[in-house]
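Written below as structure tokens is the structure these notes are about.
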């Protein structure tokens, strides 16, 4: 999944009570667009956090970084190896004479948002490396695939710490 280092993914919202309701249980809640706090990364009532600028980081990576890796895990009873690969967004500069319009519109060859990652150069390289690995028992004398790095986690965010906190809270409840 993609990871944008600058917090710009909508992760939460600020709400307030409808004026004049005295905070009763049937009061209507309103989206509080006047709430802005740069230290808490809240802008116009929207909490901005880590992610791929479309989906929050915890939704992208929690299961891969936590429950699926835990020994004897309820969520991974078959003990399938889970590999977490984060791809960091790299800003691309465009030359109007040499850049294809399609690449410019979707953010470049290293874009990592939720759909654009399907055209990310690093992601595609890893994907092709994985799917072109020789099948065991076949004549592999002419096939060489460098898969040294695709079988390991590649994590740039704090998803491991986030996942650990979530699992600790679940165990305590």
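Residue numbers (our numbering): 2 to 174. Beta carbons are placed, not taken as given, at the ideal position from N, Cα and C, and that holds for glycine.
- Cβ neighbours of residue 115 within its own chain (closer than 6 Å, five residues either side excluded): 53, 55, 56.
- In this structure, DSSP gives residue 170 a helical state, which the three-state scheme calls helix.
- In this structure, 68 is the residue among 68, 167, 31 with its C-alpha nearest to the C-alpha of residue 84.
- Residue pairing of residue 49 in beta bridges, as defined by DSSP: 11.
- By the Cβ test, the stretch 43 to 50 is in contact with the stretch 7 to 19, since at least three Cβ pairs between them sit closer than 8 Å.
- Less than 8 Å separates the beta-carbon of residue 164 from that of residue 63.
- With a threshold of 16 other beta carbon atoms within 10 Å, residue 58 meets it and is buried.
- Approximately 5 Å separates the beta-carbon atoms of residue 151 and residue 127; this is inside 8 Å, confirming the contact.
- With a threshold of 16 other beta carbon atoms within 10 Å, residue 158 meets it and is buried.
- When secondary structure is reduced to three states using DSSP, residue 29 falls in the coil class, being assigned neither helix nor strand.
- The DSSP-derived three-state label of residue 62 is helix.
- Taking the C-beta atoms as reference points, residue 171 is found no nearer than 8 Å to residue 86.
- In terms of Cβ geometry, residue 131 and residue 124 do not form a close pair [threshold 8 Å].
- Within the DSSP secondary-structure output, residue 155 pairs in a beta bridge with 86.
- For residue 119, there is no enclosing alpha helix (DSSP H), as DSSP marks it with neither H nor E.
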